[in-house]
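*Asks:* Let me begin by handing over the structure; questions about it come next.
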Amino acid sequence: MSRGFFITFEGLDGSGKTTQLRRLATALEAEGLRIVTLRQPGGTPLGDRIRGVLLDSRTEAELGGIAPAAEMALMFADRAQSLEHVIHPALAEGAVVLCDRYTDSSEAYQGAGRGLGSERVRAMHAAVCNGFQPGLTILLLPPLEGSLIRARRRNERHTKTRGTDESRFEREGDEFYGRVYEQYREIARRDSTRVVAIEDEASIEAIAERILTIVHERMAD
Ligand code: TYD
1368 MSRGFFITFE GLDGSGKTTQ LRRLATALEA EGLRIVTLRQ PGGTPLGDRI RGVLLDSRTE
1428 AELGGIAPAA EMALMFADRA QSLEHVIHPA LAEGAVVLCD RYTDSSEAYQ GAGRGLGSER
1488 VRAMHAAVCN GFQPGLTILL LPPLEGSLIR ARRRNERHTK TRGTDESRFE REGDEFYGRV
1548 YEQYREIARR DSTRVVAIED EASIEAIAER ILTIVHERMA D
């Protein structure tokens, strides 16, 4: 396989997408493919700085909060940087790029969660990313409640043990996450060729196998 292939992972905080991304990377590497992984926001030095501002809950007090449209613009600034510095170069060299979150996150969180609307997010995607979309998106969407409990627990743990605080989004209420969840389902309905949604709660192992099968099928197309 010499041509590059771009795969994104999407889902709520605590949906298990990061675990699945790592497992897929390991499985594909074992097959001899060149894999590049990154996350958004983050993934470049500039992106890491933007991530700090966006995710640290202290931003609220220190910067007086972030306006929803500013939040969206920062997410896209991060994305533009990783497209130019990481994603496009890796794809040009024939790598498989696995990205933890991409524009669907902006549509779900800023578009629906913050209420900016899908159209504004999609217009920004067209302008900033030239409309560039992955060949496949794995959307992990297990029932809402379990994901949120896991995400909040994990963040408490990280804040205690690593001194990092990335809980700005996890502090949002259930209504916010309800909107994010519904928007993800809408994206999966609308874009049913690109997006494969896994909505049931199976074991990590079983889901990893399903994802690998889907990826093999898509890359063979
Ligand atoms: P991430 O660190 O991937 O969180 P998790 O591992 O919990 O999924 O993402 C950080 C947060 O950023 C997450 O709460 C979703 C949010 N986000 C947006 O709101 N819009 C975006 O465009 C992206 C990429 C992330």
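First residue of the sequence shown? That's 1368 in our numbering, and the numbers climb one at a time after it. For every residue, glycine included, the Cβ atom is placed at its ideal position computed from N, Cα and C.
(1) Using 8 Å for Cβ pairs, my map puts residue 1437 next to residue 1550. What's the rounded Cβ distance?
(2) Considering only heavy atoms of the ligand TYD, does any lie closer than 7 Å to the CB of residue 1450?
(3) Are there three or more Cβ pairs, one per stretch, closer than 8 Å when the stretch 1376-1391 is compared with the stretch 1569-1588?
(4) Indicate whether residue 1377 and residue 1471 have their beta-carbon atoms separated by less than 8 Å.
(5) If you measure from the CB of residue 1407, is any heavy atom of the ligand TYD nearer than 7 Å?
(6) Compare the beta carbon distance of residue 1318 and residue 1505 with 8 Å and say whether it is the shorter of the two.
(7) Between 1558, 1385 and 1513, which has its C-alpha nearest residue 1541's C-alpha?
(8) Is the stretch 1494-1502 touching the stretch 1395-1414, taking contact as three or more C-beta pairs under 8 Å?
(9) DSSP three-state label for residue 1564, please.
(10) Pop quiz: residue 1535 and residue 1421 are said to be a contact at Cβ under 8 Å. What is the actual Cβ separation, rounded to whole angstroms?
(11) Sort out for me which residues DSSP pairs residue 1446 with in a bridge.
(12) Run through the DSSP bridge pairs and tell me what residue 1503 is partnered with.
(13) Could you round the C-beta distance between residue 1574 and residue 1565 to whole angstroms and report it? I think they count as a contact, below 8 Å.
(14) So does residue 1536 have its beta carbon nearer than 7 Å to some heavy atom of the ligand TYD?
(15) Looking at residue 1439: is its Cβ nearer than 8 Å to the Cβ of residue 1379?
(16) Nearest to residue 1586 by CA position, among 1523, 1503 and 1516, is which residue?
(17) CB-CB under 8 Å to residue 1432, same chain, minus the five flanking residues each way: which ones, in chain order?
(18) Using DSSP with H/G/I as helix, E/B as strand and the rest coil, what is residue 1538?
(19) Just list the residues that DSSP pairs residue 1385 with in beta bridges.
(20) Smallest Cα separation from residue 1547: which of 1419, 1571, 1516 and 1511?
(21) In this structure, how does DSSP classify residue 1402 when only helix, strand and coil are distinguished?
(22) Check for me: the alpha helix (DSSP H) holding residue 1488 runs from which residue to which?
*Replies:* In brief:
(1) Taking the first residue of the sequence shown as position 1, residue 1437 is located at position 70. Taking the first residue of the sequence shown as position 1, residue 1550 is located at position 183. At roughly 20 Å, the Cβ-Cβ gap does not stay under 8 Å, so residue 1437 and residue 1550 are not in contact.
(2) Here residue 1450 corresponds to residue number 83 of the sequence shown, with the count starting at 1. No, the ligand TYD has no heavy atom inside 7 Å of this Cβ.
(3) yes
(4) Translated into the one-based positions of the sequence shown, residue 1377 becomes position 10. Translated into the one-based positions of the sequence shown, residue 1471 becomes position 104. Against a cut-off of 8 Å, the Cβ pair of residue 1471 and residue 1377 comes out as a contact.
(5) In the sequence shown, counting from the first residue as 1, residue 1407 sits at position 40. Yes, the Cβ of residue 1407 comes within 7 Å of a heavy atom of the ligand TYD.
(6) The shown model of the chain, from 1368 to 1588, leaves out residue 1318, and the question about it has no answer.
(7) As a position in the sequence shown, residue 1541 is number 174, starting the count at 1. For the residues 1558, 1385 and 1513, the minimum Cα distance to residue 1541 belongs to 1513.
(8) The stretch 1494-1502, when compared against the stretch 1395-1414, does not touch it at the 8 Å Cβ threshold.
(9) The residue you call residue 1564 lines up with position 197 of the sequence shown. In the structure shown, residue 1564 sits in a strand (DSSP, three-state: E or B).
(10) Mapped onto the sequence shown, residue 1535 falls at position 168. Mapped onto the sequence shown, residue 1421 falls at position 54. Confirmed, Cβ separation roughly 7 Å.
(11) Within the sequence shown, numbered from 1, the residue matching residue 1446 stands at position 79. None, per the DSSP bridge assignment.
(12) Stepping through the sequence shown from its first residue, residue 1503 is reached at position 136. According to DSSP, residue 1503 bridges with 1374.
(13) One-based indexing of the sequence shown puts residue 1574 at position 207. One-based indexing of the sequence shown puts residue 1565 at position 198. Going by Cβ atoms, the distance from residue 1574 to residue 1565 rounds to 6 Å, so yes, they are a contact pair.
(14) Translated into positions along the sequence shown, residue 1536 becomes position 169. The answer is yes for residue 1536.
(15) Here residue 1439 corresponds to residue number 72 of the sequence shown, with the count starting at 1. Here residue 1379 corresponds to residue number 12 of the sequence shown, with the count starting at 1. No; because the gap between Cβ atoms is not below 8 Å, this pair is not in contact.
(16) Position 219 of the sequence shown holds residue 1586. The candidate whose alpha carbon is nearest that of residue 1586 is 1503.
(17) In the sequence shown, residue 1432 corresponds to position 65, counting from 1. Closer than 8 Å at the Cβ level, and outside the excluded window around residue 1432, lie 1426.
(18) By one-based count along the sequence shown, residue 1538 stands at place 171. Residue 1538 falls in the coil class under three-state DSSP.
(19) On the sequence shown, residue 1385 is found 18 positions in, with the first residue counted as 1. According to DSSP, which records beta bridges pairwise, residue 1385 is partnered with nothing at all.
(20) As a working mapping, residue 1547 is identified with position 180 in the sequence shown. It is 1511 whose Cα lies nearest to the Cα of residue 1547.
(21) Here residue 1402 is taken as the residue at index 35 of the sequence shown, counted from 1. DSSP places residue 1402 in strand when its eight states are reduced to three.
(22) Residue numbering aside, residue 1488 sits at position 121 when the sequence shown is read from its first letter. Note, residue 1488: alpha helix (DSSP H), 1485-1496.
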